[in-house]
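> Can you keep this structure in mind? I'll have questions shortly.
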Amino acid sequence: MIRDITLGQYFPAESKVHELDARTKIIITFLYIIETFVVNNFLGFLVLAIGLAIVIGISHVPPKFIFRGLKVIIVIIIFTFVLNMFMMDGRVLWHWKFLTITYEGLYRAFFVALRLILLIIGTSMLTLSTKPIELTDGFEKLLSPLSKVGVPSGEIALMMSIALRFIPTLMEETDKIIKAQQARGADFESGNIIKRAKSLIPILIPLFISSFRIAQDLALAMEARCYHGGKSRTRMNQIAFKKVDLIAAIIVLIFFTLATMTRFIDIWHFA
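Under our numbering, think of the first position of the sequence shown as 87, with each following residue one higher.
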């Protein structure tokens, strides 16, 4: 299960999506997140899903690798689905004692679950198609106007990119710790919820220690290379907007406009 986490991983490939400027992909991802909350019906989600499927196809990232990341949050998706299914009034579909499922609740449950799935897949495409160093430079460039008012944009960008970059590393460490504890006879699957929660203590303590060790090694490596952020920092590869970025921005805006227009179509919807 730990190995199924794709958020923060980079998938090397030669595609137009990988060639895009990091700033373009960051802005598009930010607008995509907003758009998933703007649409209020399945038709809007269909437009977003078609656009996302096109991006996945162009990126040359295997769909199995992308959808593998959904295994990690399947419990959250199911919990959200069930919760919304019983929490909305309307036409009764099924009733038993204090439990009632309505047509509106079932519709809402599918709606929220689909939103979560699209959010996870869409945001994963940012890290899957962008190198960590490019993400750092992109965030720093986008936040650079804030440096004029004293905001340390370089340090903020570095922290954000390091956080994304070390998600897979921490997951690998967690997987190693789990296997080591299982080899010593630890049981993480049997028992009730409280017992399972207590069984995680032998994992969390070594994971915290390992996290601090990795952070210290990274800090020492950066100091040894005389790393420092700010305006005086130079880059080997300068990022710049290209023609492909303009084309991608126009196409994405068209899809987002179509998705937004579905709000005004008279079909069953929820805000």
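Glycine included, every Cβ here is placed at the ideal spot set by N, Cα and C. This structure is a prediction, so every number in the text was calculated from the model and none was measured.
Cα-Cα, which of F153, F274, T110 and I253 is closest to I336?
Taking only the C-alpha atoms, the option nearest I336 is T110.
> Nearest CA to the CA of S239: which residue from F225, S247 and I113?
Measuring from the Cα of S239, the nearest candidate turns out to be F225.
> Is it buried or exposed for E275, if we count other Cβ within 10 angstroms and need 16 for buried?
Per the 10 Å Cβ criterion, exposed.
> Taking the C-alpha atoms as reference points, what is the distance between L214 and R177?
Whole-angstrom Cα-Cα distance: 43 Å.
> Thinking just about the alpha-carbon of each residue, which of I142, F294, A269 and Y193 is nearest to the one in I207?
Taking only the C-alpha atoms, the option nearest I207 is I142.
> Quick one: Cα of A139 to Cα of L229, how far?
Roughly 30 Å separates the two Cα atoms.
> Pull up the distance between the alpha-carbon of I248 and that of H181, whole angstroms please.
In a straight line, the C-alpha of I248 is about 49 Å away from that of H181.
> If you count every other CB in all the chains shown that lies within 10 Å of the CB of M347, and 16 or more means buried, which is it?
M347 is exposed by the Cβ-count criterion.
> When burial is assigned at 16 or more other CB atoms within 10 Å of the CB, is I152 buried or exposed?
Buried, because 16 or more other Cβ atoms sit within 10 Å of the Cβ of I152.
> Tell me I187's beta-bridge partners as DSSP assigns them.
I187 pairs with W180.
> Find the nearest neighbour of F342 within the set V124, L185 and F128, judged by alpha-carbon distance.
If we check each option's Cα against that of F342, V124 comes out closest.
> With a threshold of 7 Å on Cβ separation, who are the neighbours of S296 within its own chain once the five nearest residues in sequence on each side are excluded?
Around S296: E259.
> Does the structure place the segment 113-131 close enough to the segment 194-207 that three or more beta carbon pairs sit under 8 Å?
With a cut-off of 8 Å, the segment 113-131 and the segment 194-207 count as touching, because enough Cβ pairs lie within range.
> Can you check which of these residues, L129, L344 and V147, is closest to S210 by C-alpha distance?
Looking at the Cα atoms, V147 is the closest of the given residues.
> Give the secondary structure of Y193 by DSSP, where H, G and I count as helix, E and B as strand, and everything else as coil.
In the structure shown, Y193 sits in a helix (DSSP, three-state: H, G or I).
> Output the distance between the C-alpha atoms of L185 and F167, rounded to the nearest integer angstrom.
The alpha-carbon atoms of L185 and F167 are separated by roughly 15 Å.
> Which of the three DSSP states is assigned to Q267 in this structure?
Looking at Q267 - three-state DSSP - the assignment turns out to be helix.
> Using the Cβ count rule (16 or more neighbours within 10 Å means buried), how would you classify E309?
Label assigned to E309: exposed.
> Could you tell me how far apart the beta carbons of A334 and L134 are, in whole angstroms, since I believe they sit closer than 8 Å?
In fact, because the Cβ distance is near 16 Å, the residues do not count as touching under 8 Å.
> Taking C-beta to C-beta, are I144 and S101 nearer than 8 Å?
A contact, by the Cβ cut-off of 8 Å.
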